[in-house]
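Notes to accompany the following structure.
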Amino acid sequence: MTALLRRQAVIDKYAEIIGRNLYSQSLRDYCYKSYKDGNYYSDCSSSICYAYQQAGQGFGITNTAGMYNSTKLTTVDADIAQGIPDTSRLRPGDMLLFAGTDASRPKRIGHVEMYCGDGIICGHGSGRPSYKDLVAYCKSRYNSWASGGWRKGLVAVKRYIQDDAVTEPEEPKLSGWRQNEDGTKSFYLGNTGDCVRNSWYLDTDGKWYWFDGAGRMVINTWYQYKGDWY
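5 is the number of the first residue of the sequence shown in my numbering; add one for each residue after it.
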């Protein structure tokens, strides 16, 4: 499955909880299974972690600090200007980590949203999970201040599903006659790209040609192969 499809599977799973789940940290494990009261619960980090898990792409159930420290996630090199990331560097499923109110956490991280693509993010703060405009939300967080005197803006972007490896285009296979640097000729088979070696080859002109072990056509001389002279 390509990275694009894996990411979309996560986004689709998160869509199932939009407008449905209630906010609770103590009942956060009831994200995709109902609690005894019939309701579903989650918080910002569990809603994303469980969406990944439900899509078959789980990296563990953790909190925002755990996301920041996780060796399973990589940091996205997305330039952040006045709290807004360079969206050209983002991929669906990327996790946007924002500062909160707890100074003891790494980077004071206290909230996470997930990028859905096309400038939209989703997340579960207070209330129910919802979609938001990335720029508007990031501006709002950037302009909000914690009681400790720091901005509650975006501090890092993390990624679990990496881009697919770029494969180099296959070299075209050699086919037909080729002249070697020493002036001799070789014939390459287009289906394999290998030249004819230690064998006869019947060309389209109706003539037979013999090639030595190096793949060079033997002409104007006798050549011995496996006890036979050609």
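By construction, the Cβ of each residue, glycine as well, lies at the ideal position given by its N, Cα and C atoms. Being a predicted model, the structure only gives us computed values, none of them experimental.
From residue i to residue j, what distance separates their C-alpha atoms?
i, j, result
"Trp181", "Pro173", "24 Å"
"Leu100", "Ser190", "59 Å"
"Glu175", "Ala218", "22 Å"
"Tyr54", "Ser130", "18 Å"
"Leu31", "Thr171", "45 Å"
"Lys37", "Ile21", "11 Å"
"Tyr213", "Val200", "10 Å"
"Gln58", "Arg10", "11 Å"
"Asn147", "Met118", "20 Å"
"Cys126", "Gly157", "16 Å"
"Thr66", "Tyr56", "12 Å"
"Lys17", "Gln183", "60 Å"
"Thr208", "Gly187", "22 Å"
Rounded to the nearest angstrom, how far is the Cβ of residue i from that of residue j, given a contact under 8 Å?
i, j, result
"Gly97", "Cys142", "So it is not a contact: roughly 17 Å between Cβ atoms."
"Gly46", "His128", "Before going on, a small fix: residue 46 reads as Ser here, not Gly. Right, their Cβ atoms sit about 5 Å apart."
"Cys120", "Ile15", "5 Å"
"Gly60", "Ala13", "7 Å"
"Asn25", "Tyr39", "That belief does not hold up - the Cβ atoms of Asn25 and Tyr39 are roughly 10 Å apart, past 8 Å."
"Asp168", "Thr6", "6 Å"
Does the beta-carbon distance from residue i to residue j come in below 8 Å?
i, j, result
"His240", "Cys48", "The first residue shown for the chain is 5 and the last is 234, placing residue 240 beyond what the model contains."
"Gly152", "Thr78", "no"
"Gly23", "Arg132", "yes"
"Leu94", "Ala85", "no"
"Thr91", "Leu138", "yes"
Tell me which residue opens and which closes the beta strand (DSSP E) that residue i is part of.
i, result
"Leu101", "Met99 to Ala103"
"Arg10", "Per DSSP, Arg10 belongs to no beta strand (DSSP E); it is in the alpha helix (DSSP H), Ala7 to Ala19."
"Glu117", "Ile113 to Gly121"
"Ala160", "Leu158 to Arg163"
"Leu206", "Ser203 to Leu206"
"Gly127", "Ile124 to Gly127"
So residue i is in the alpha helix (DSSP H); what residue range does that whole segment cover?
i, result
"Ser144", "Leu138 to Tyr146"
"Gln57", "Cys48 to Gln58"
"Val222", "Unbroken run through Val222: none, as it is neither H nor E."
"Ala69", "Thr68 to Asn73"
If you drop the 5 nearest sequence neighbours on each side, which residues of the same chain put their C-beta closer than 7 Å to that of residue i?
i, result
"Val159", "Leu101, Phe102, Ala103, Lys111 and Ile113"
"Met71", "Ser49, Leu77, Met99, Leu101, Val116 and Lys162"
"Trp154", "Ala103 and Arg112"
"Leu8", "none"
What does a CB cutoff of less than 6 Å around residue i pick up in its chain, not counting 5 residues either side in sequence?
i, result
"Tyr164", "Phe63 and Leu77"
"Glu185", "none"
"Gly197", "Lys177 and Leu178"
"Asp232", "none"
"Asp33", "none"
"Tyr205", "Phe191 and Tyr213"
Starting from the C-beta of residue i, find all residues in its chain whose C-beta is less than 8 Å away, skip the five residues before and the five after it, and write them out in chain order.
i, result
"Ser203", "Trp214 and Phe215"
"Gln166", "Ala7 and Thr78"
"Trp149", "Arg155 and Lys156"
"Asn195", "Lys177"
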